[in-house]
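Letter 113 of the sequence shown, counting from 1, is numbered 261 in my numbering, and no numbers are missing.
For every residue, glycine included, the Cβ atom is placed at its ideal position computed from N, Cα and C.
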Amino acid sequence: MKHIGLLFAVASFVACGRGDATPTDPVTEQRDTLARDTLLLVEADTAAGFHFPYYLYIPQGTVSGAQHLLVETNNTGTNDKLAYHVRGASDQVTNASLGNSLSWGLKVPFLMPAFPRPQTAWQYYTHALDRDAALLDTGAMRRLDLQLIAMMEHARPPLKALGYEVRDKVLLNGFSASGTFANRFTLLHPERVAAVACGGINGLAILPVDSLNGAALDYPLGTHDAEQLFGAAPDTAAFKRVPQLLYLGALDDNDAVLFDDAYSRQEQQVVHSAIGRPIADRWTQCRNVYVQHKVNASFRTYPGIGHATDRMIYKDVMMFFRAAMAEQ
């Protein structure tokens, strides 16, 4: 049974205690193996580059020293109140996510933001880093990809205070909307990713090409206008080197392409005409493009599974991350 340690809401950071140590003296306590699960809530810090809180979860048994940081963005649905997403992220980072299980199994610190996804402004599918979210040029939700990077950097001091020197590149995980976020983030910022695993992404991975079958692939389908949107062309060569695991349940019929909050009508048309209409056809097409362009990616399809994960997927993602960690 897991026992969650102390939880703090902090302006910058506060280190939670371990075992019988008090949270006021994290530096002098034993730093060999964490005695209990520990959770930190870090409040928004606009000066540091992020407008929303994030959580750090460190599982019992994590050994101090050099560590990879596991990152998964929250997928908490639509609601106009930030508190709703903060509560949802708390549940996901400590229990209800594949990332939590991976953190526990790998014994690595785990970061999850509490990004909003507004209900009234439903077209901004922030949790998937869709085009509408990418086009935001003002306000707190602008460039959530850069805000996530700012959180990664901001997490270094509190983790160091607890004895963990996290590496520059993170392990990036996600499923469904958070899987789509992870897939798109990796193309935009491959230099920040040691390895990425994403599943349940509707058979549609972002493609490291400008066009396919005569159709221009604008973000988030491809790279055609990425330089215009983000100020720099994606480093597709670096993207191709990142170890990637993409997976899909053979019975997964959760098709986000059919919904206007995820894809515009124009994007839907391009997907259906150039990439594929059925999920399985899109999946095959995306895999073929990745193979053709020598992306360091493995595509796996799991029979008998719908829009969900199971023990086999967990084991495979664990093995994938362990292999990536061993190489760095």
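Of the residues the options, the one placed nearest residue i, counting alpha carbons only
i	options	result
His275	Gly287, Ala262, Asp285 and Asp383	Ala262
Gln440	Asp401, Gln376, Lys388 and Gln267	Lys388
Ala237	Leu250, Thr221 and Asp228	Thr221
Val256	Leu319, Met300, Ile297 and Gly362	Leu319
Gln208	Leu187, Asn223, Ala363 and Ala192	Leu187
Ala385	Arg184, Ala244 and Glu339	Glu339
Ala330	Glu191, Arg448 and Gly247	Gly247
Leu477	Val344, His372 and Gly347	The requested residue 477 does not occur in the structure, where the chain is confined to residues 149 to 476.
Thr181	Ile206, Ala445 and Leu217	Ile206
Trp431	Gly452, Asp403 and Gln414	Asp403
Gly347	Ala363, Asn361, Gly322 and Leu360	Gly322
Leu217	Ala342, Leu189, Ser324 and Pro264	Ala342
Arg184	Asn361, Thr226, Gln414 and Thr210	Thr210
Ala269	Asp293, Thr226 and Leu283	Thr226
Limits of the unbroken alpha helix (DSSP H) element including residue i
i	result
Val418	Arg413 to Val418
Gln376	Ala374 to Phe378
Arg184	Here Arg184 belongs to no alpha helix (DSSP H), and DSSP marks it neither H nor E.
Arg448	Note, Arg448: premise wrong, no alpha helix (DSSP H); beta strand (DSSP E) at Ala445 to Tyr450.
Leu283	Arg279 to Leu283
Ala288	Element bounds for Ala288: n/a, residue is neither H nor E.
Residue i (DSSP reduced to helix, strand or coil)
i	result
Asn122	Outside the shown range of the chain (149 to 476) lies residue 122, about which nothing can therefore be said.
Tyr232	helix
Lys463	helix
Thr176	Low local confidence applies: a pLDDT of 34 at Thr176 is under 50, so the model's placement there is unreliable, with the coordinate-based value given in what follows. If DSSP states are grouped into helix, strand and coil, Thr176 belongs with coil.
Leu406	helix
Val211	strand
Thr170	Per-residue confidence for Thr170 stands at a pLDDT of 31, beneath the threshold of 50, marking its modelled position as unreliable; no derived number is given.
Ala422	helix
Gln267	coil
Gly322	strand
Glu301	helix
Val439	helix
Phe329	helix
Leu307	helix
Residue i vs residue j beta-carbon contact at 8 Å
i	j	result
Ile423	Leu352	yes
Phe469	Leu250	yes
Tyr272	Asp280	yes
Val405	Val419	yes
Asp239	Pro266	no
Tyr202	Met260	yes
Gln392	Val443	yes
Leu336	Pro382	yes
Ala297	Tyr395	Residue identity check: residue 297 is Ile in the sequence provided, not Ala. For Ile297 and Tyr395, no; Cβs fall outside 8 Å.
Where the beta strand (DSSP E) through residue i begins and ends
i	result
Pro257	Careful: Pro257 lies outside any beta strand (DSSP E) and carries neither H nor E.
Gly347	Val341 to Gly347
Leu394	Gln392 to Gly397
Whole-Å CB distance - residue i paired with residue j, under 8 Å assumed
i	j	result
Asp409	Ile427	Not confirmed; about 18 Å, so no contact.
Gly213	Glu313	7 Å
Val390	Gly370	With a Cβ gap of about 17 Å, Val390 and Gly370 do not count as contacting.
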